[in-house]
Each structure stands twice: as structure tokens, then as C-alpha cells.
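Residue numbers (our numbering), protein chains in the order written: chain A, 5 to 295; chain B, -19 to 594.
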């Protein structure tokens, strides 16, 4: 018996012009997806595939003809006939300044090679703002055994708040508090995590792009100078705890699990785990005399 | 959602304040005491969450009663409205007026913004510091504290102060002009006398200010006698489409600062397919040097209500909000009174003036955030969230308050609508210039003999406006005029013949903005004024996007260096840096605050040749 399968409403194709090249993309595509589709490298900091775009970092801005100001590529949808410039003087200037402003106020040393690459590509010189430039430097918060929060590395990308909230965990243990340069990620009245609504799913760590949120195991090894990613292997497996079937990536160094992640594009997890999958791995590496 | 509260119980006072506003809780599930039924039945989740938008009013209720918002009170509010405490803390800490640490019940907010600076606010603050300790610190008795405040919108009577006394009988009062003697008496426990009537300059050919001083702002009878509500009757006769055509034909441009064609906005909302539609009157006037909307609301509140009603009927809105800054207690009181009286006369309600259409208005009180004058930040604020602007598009006419099509108009814009309907679009456009029709309210402050609110036809030269305000004091010469407030730009003596119209100011690279005109003579310390502007933007940036959050701080730092640096080449480097910062803020910020945060400072360095800039 023939049965119909609903495949959704037909989506129109839209033609946009990016840097002189006509590109056909489906309606509803973002400019960022359209750019990446034709291999135009576009820097992003607050954007992540598994989170709603908040377009706050402004490093992905592009120039759209007819628009008074630059537009964020991560959230702006394509419109038929749009003419987009991704490497104009205005775009380069804004990207450079955003990177400079962040690097002059935040410790971005753990951001990874991609961000360092953009810094040099756009000629960012954070030291231009002088030695007296205000920063977000502050003591590291260590108030539990599972992870640490080092907000001197926080670029306020809102990702952790989204992951803790409606985009993944629906726990709402943290939010953005304060205003302006004093805006910061916080629990209510800055209470320590054990006193807050935190359930230690670690999904905030999973999305943090700067190392502001970190596994305690990784933090301790970095402090001891033993953290070495070149010596780490990643083993893929399925979480043994319940029947959901979350895929785990076990990061192993010296035959010990040092960190657990899940791929962003995994159909079950979308990169998010729970406290057991994320932190409950000690039993596999229990050493010493068996009882 | 599991709401975890660990901060201990609220005080009886705090519970009384919150329950006084929301009514008593029905169950354990919204913060009440446990009854047997609660063990078997959980309910109210969705209903409680749908009241999220009441968070700011609830926080105001607590603060008005207790003087500050404690953790216990915040968490009780969270239980009542089903909001996660971390989220609510983010909201409360966003607004400057909510105190999250215990403080004395009496708070004296002293304006040290641009216009008040011209009238000796700095000396006043210095004296207060000597007499009562630094700003923000409790006095010796622990019963009062004074704070520095951005513009209070009393620039015509500078220097100004706003007094708040928390308690069962919460009270607010304003003192303007304020003196050390008057403020120290208040800090000592004396309550100020009720305000003296405001200074109203002579008016010629006034339209918008016609009823001021003629009709009693507290009586709808008096408003009706002064031909009030004739515009609404005419609007009902004409019907929505013709009303929108009239407003469009009159070429009315929005008076809030952005000068968008009002008719086009109305048309877009009227045609928006999604329902319901909302009408919002933006009365969050916070641009330094601006007080026109305050005067309209205090002196002609029924006109504002009538204007909102006309706009709502024309665009199919059944619910309206008037968002007024918390610094305007008298305006709030008078508008609330006007709404109540209009309801009693059926000018608001299920059947507005026999039209068969429904409309009602709720007044919402800001909490000390300049950014909430930005329309999308204002929506978030009404919804009980942090006042962070949203990215546009989508525009409010399609996706606005509560995600629905929303019409946002400024108070002065709505006042103009009455004129258009009463006299027709043709008559309306006989005044002003072809591109900028009608009259405009200008808030003249600073170094003029008679600061105040002046209504002149669009296109009136700046020089003439300054003469109306009495001109400079004897023997003084002009240094500069700041047009459009902190987000505006400076003009100089040679530009005084600029016609005050949208196109006239645009032609010289300036802006009318909110209608603020702050005049500086040769006694003004413009460097201090520039530093105050830089501090203003640093304080008022919402912090969401990088160009504005970091840019406003870097701008202030660079400006400080430029004004103190003696080495020419180092100074030039900082001037170049300032211009780089200005460019990214203008190009890449989410909203108008960041996009204009560098304009006044940039124009001052160029126009006034401060720090040797050419």
C-alpha cells in the first residue's frame, strides 16, 4: 500500500551575490551558511550550530548593499537579490576592531589556533589600547569538584547561558547579570554553584569557546603543566548509563580519561550530555588492588 | 523547570509588597504555604510563566517598600512568577535603580549630567561629598545616601535632584534647582515642599503646547472644554484607513529621534497579518538634555492618551503600553489619572467612544536604563527581561512586543497626530518646511537666560530659537551648542543659522535627535562635558555587543589620555585610535546607542578643535 511521506513545504531557492559571485541557496539560509557554502572563511565567536544565534560578538559582520550598518552573517537570512561584501574595508575594519577589543580586555590565550589565525589575518593589535586598558581579569572560581570558571577568559558570547537554558538543558542556573562592561555571567546574587540550580551537566563547558569554563581535571593538569593535547587520543563510544544512546568522545591522556565531549552534529546529543555521561567516568579507570 | 531557591525566606514586608501587587499566592507551586492538595496536584506553571512581564512592576513594589531588593525577596518574586532566580537576578542587576545590596531608605539622586554641570552640579556634588561622604555611601546615621545620576530631565531648572523614600508610604519628590542647603535638609530628614509650578516661556503660535496652563491636567472635564477628544471623534468618523492616509499626507516624521515617517509605520502595523497588535507609547525620554515628553505628560496627559487611542484604533491594537522612565513620577501619576478618567468616560475600554472598538492602556515604569528608549530594548523591558536591544530585522511592525506586530510612537509624535486630525493634513503641513512638516518642541538648556521648552515651526534657525530662550547672559560669548543630546553633535557660532529641520541639520552633519539644545558659553568646561558624555555611554551601554560594550570603555580611556597628554605625537595616535573605535561602533553595533555613542565626542574634537584636532 502506497503511503505519503510528508517532507515539509517546498523551499524556494534564492539567488544572492556574495563578493561578485551569484550563489543559489534555499530560503531561510543564513548569510554565514551561504558564505561557508562557497568556502568564504567567516570568523565567528558567539555562533554555534547547536545554539540559537545571539549575534552579539559582531565578528562575523558583512556589508549588505543598501544597509546603513553592517549586518551579522550568523543570524541574517538571505534575501533574493542581496549583494554582500565579505572583505570590504568596512568589514575588515570592524572584524579587526572586535578582535582587538576582545583581546585587549579578555585573556584569549586558550582560544585555539583558529582565533589566533583570524587575529593575524585581520591585523589585530590589542596592545594599541595601552597598558591601562580595562580588562575583565578576576580570580578563578573553584567551588566544586567538576569544573572551574575563569571569567577573566570570558568574552560574554552568551553560549553557556543558552546551553544552560532553552537551547539544551532548561536548568537556568546562570544568566547574564550587570550592564555594559560590567556585564558578566552569574548565578543569582553570585552564589556558588553548589548553592545554585546547576545540575553539572557540563553543557556550558561543551560550548565555551575560550576556556573560561573547564573540566576540573583539565584545569588541574594545566596548573601542573601536564596537559598535553598532542598526547591525547579520542575514543568514540556510547554512554553506558541509560538507554538514550548518547555518543561520547573520551579524551584520553596517559591511559586516563581527562575530558568527555560529544559531537555537535550527533543526532541524539547535538553535543549536549548529562552529568553522568560528562563526568561519571571514574569507574572505568579505577586502579589499585581489586577488592 | 525546577526553581531552586536557597536564599532564605523573604521578610513579611517584602511578602506584603509582592502579594499587595500580585494578590495572594494560590498554592505552594507559586510561593504559598503548603496545603494538602499541593502534595497531589501541581498546577499554575504555564499561568505563572505567562505573568513573566510583571517582573519589573514586582521589583518596583519590593524596592518602594523595602528600599532594596534582597535575595529572599527576589526569590519569592521568582516563585510567584515562575522565573529562574539567576534569570531574574540578571534582570534586576541590569537596571540602575534596583539596589541589590541593602541601603538606607532615603535616596537622593543628584544629576551631574551635561545641563546640570552648566548650572554648578559638580560644585554641588563636591559639597555633598564633604558634608555626607562619597556618593553611594550611607550617611553617618545610616538613614540616607546620595547618588550621582544621569540626566533627570529637569534641565530647564538645573541643577536637579530626585528624592525617593522607601517604606509603607513610598514617596518621590524632585528638587530643582537644588542647592546644598535644600539637599542637606532633605538628607537630614526633612521632606521637600511640593513642587513649584514649572517655568513656561511665552508661547507664540503654539500647537502642541496650546493647552498647557489653560486646561487642568488632572481633569478630563477641563480637557473636554478645551476641545479635547475632538480628534478622536474625527478619527472614528474617518475610519482607520483615512486616518492613516491623513497622517501619511501630513508627512509627519517621528519625534523620538529617528524621524521615521509615522504614516508608513502605521500602515505597516495595520496591514500586519499576525494578531494581536500592540501599541506602545515610548515615554522613556532619557536623552541628556531632553524633557519635552515630560512636560507634555505632566501638563497635557489627556492628549497623550487620546493620541495613543487614535493610533491604536487606526492600526487595530487593543492593548497599549505607555513606558515611562522611573525618573518622572509626576508624569506617571498624571498619565495614570488620565487613563482612569478616560476609562470612566468610556474613552478607553471595550467600546471606545461608541466606535465599537476596544482599547486600553497600561503604564509601565522604567528602572533606570537609557537603552530602554530603544524600541526593541523597551519591548524586552516590558516583557520582564534585560533591556537588551534585538537585532533588526525583523522590525517591530512585524515582530515586536511579545513577538507580535507593534506600533511604537514617541509622546510628541502622538501629540502631533491630534493636530493633524483636528485641522487636516493640508493645514498641518502649512507650518514647517516641505520635508519637515509642523512644529517641533525644543528643550533649550545650559547657558541661556531662559531655559525651557520652546515650540517653533520646523526650519526655524537655531539663532532665533536661542534668542527666544533669552540668548546668552550679559557679556558672554558662545562656545558651542550640543544638538540632540549625548547622541547628537556639537555646532558652533558659524553654524547658528542652520534651519532646525531634519534636512537642515542633516546638511551640516548634525541631527535634531530628541530636540535637546544645550548651549555652552565661554565659561563652560567642554572637556569635562566630553568626559561626562563618554562616561554616560560607558554607564548606559547594555553590554550585549562587543563594539559598544568594549568600545564605550576604550573611547573614555582614549579621550582621557587625549585631554591630558602633552606629547603631540602620542596624542595624535590616540586621536586616530578614537576614530577607529568610533567607526566600528557606528558600523557594527546592534543598536542606535552604540551607533551614535561616538558622534558627539567626534564632532567636538573636530568642530571645537579640542586637543588641537584639525
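Quick reminder that beta carbons are idealized off the backbone N, C-alpha and C, glycines included.
Beta-carbon neighbours of residue 136 of chain A, restricted to chain B and to distances below 7 Å: 537
With DSSP run on the structure shown, which of helix, strand or coil describes residue 5 of chain A? Its pLDDT being 47, under 50, residue 5 of chain A is placed unreliably in this model, and the value from its coordinates should be taken loosely. It is coil, neither helix nor strand.
Kindly indicate the opening and closing residues of the alpha helix (DSSP H) around residue 49 of chain B. Careful: residue 49 of chain B lies outside any alpha helix (DSSP H) and carries neither H nor E.
Please confirm whether residue 514 of chain B and residue 535 of chain B have their CB atoms less than 7 Å apart. yes
Where the alpha helix (DSSP H) through residue 225 of chain A begins and ends: 220 to 228
Is there a C-beta anywhere in chain B that falls below 7 Å from the one on residue 112 of chain A? no
Give the interface partners of residue 65 of chain B over in chain A, defined as CB-CB distance under 7 Å, in chain order. 192
Please determine, among B:445, B:415, B:555 and B:43, the residue with the shortest C-alpha to C-alpha distance to residue 133 of chain A. B:555
Taking 7 Å as the CB-CB cut-off, is residue 69 of chain A touching chain B? no
Bounding residues of the beta strand (DSSP E) (the contiguous stretch that carries residue 500 of chain B): 496 to 501
Can you give the beta carbon distance from residue 74 of chain A to residue 94 of chain A, rounded, assuming they're within the 8 Å contact cut? 6 Å
Quick one: Cα of residue 154 of chain A to Cα of residue 523 of chain B, how far? 19 Å
The segment 44 to 71 of chain A: positions lying closer than 7 Å to chain B by Cβ: 59, 60, 61, 62 and 65
Buried versus exposed call for residue 457 of chain B [16 or more other C-beta atoms within 10 Å across all chains shown]: exposed
Sequence-distant residues of the same chain with beta carbon closer than 7 Å to residue 49 of chain B, five excluded per side: 39, 42, 43, 72, 78, 79 and 80
Report the start-end ranges of each alpha helix (DSSP H) in the segment 276 to 354 of chain B that is 4 residues or longer and not cut off at the edges. 281 to 295 and 309 to 324
Would you say the segment 182 to 199 of chain A touches the segment 251 to 262 of chain A, given that touching needs at least three Cβ pairs under 8 Å? no
Confirm the yes/no value for this check: CB of residue 99 of chain B, any heavy atom of the ligand NAD, distance under 6 Å. Of ligands this structure carries none, so the ligand NAD is not represented either.
May I ask you to list the residues that DSSP assigns as paired with residue 257 of chain B? B:297
Is the separation between the beta-carbon of residue 68 of chain A and that of residue 88 of chain A shorter than 7 Å? yes
Per DSSP, which one or two residues make a beta bridge with residue 17 of chain A? A:30
Residues, ordered as in the chain, of the segment 69 to 85 of chain B that lie near chain A by beta-carbon distance below 9 Å: 69, 70, 71, 72, 73, 74, 75, 76 and 80
Whole angstroms are fine: how far does the CA of residue 56 of chain A sit from the CA of residue 206 of chain A? 18 Å
Would you tell me roughly how many angstroms separate the C-alpha atoms of residue 5 of chain A and residue 57 of chain B, rounded to the nearest one? For residue 5 of chain A, the predicted structure reports a pLDDT of 47, less than 50, and the residue's modelled location is therefore unreliable. A value from the coordinates is still provided. So the alpha carbons of these two residues sit roughly 58 Å apart.
By the 9 Å beta-carbon criterion, what residues does the segment 369 to 380 of chain B contribute toward chain A? 371 and 373
Would you mind telling me which residues of chain A sit closer than 9 Å to residue 575 of chain B, beta carbon to beta carbon, in chain order? 72 and 73
Once the 5 residues before and after residue 186 of chain B are set aside, which same chain residues still bring their CB inside 6 Å of it? 435
Between the alpha carbons of residue 427 of chain B and residue 300 of chain B, how many angstroms are there, rounded? 39 Å
Which of the three DSSP states, helix, strand or coil, is assigned to residue 432 of chain B? strand
Does any residue of chain B bring its CB to less than 7 Å from the CB of residue 22 of chain A? no
Are the beta-carbon atoms of residue 242 of chain B and residue 236 of chain B separated by less than 7 Å? no
Using CA atoms only, rank isn't needed, just tell me which of A:244, A:96, A:81 and A:258 is closest to residue 233 of chain A. A:258
Put residue 575 of chain B into one of helix, strand or coil per three-state DSSP. helix
Any residues in the segment 474 to 492 of chain B with a beta carbon nearer than 8 Å to a beta carbon of chain A? Which ones, in chain order? none
What are the boundary residues of the beta strand (DSSP E) that includes residue 143 of chain B? 141 to 145
For chain A, is any of its Cβ atoms less than 7 Å away from the one on residue -16 of chain B? yes
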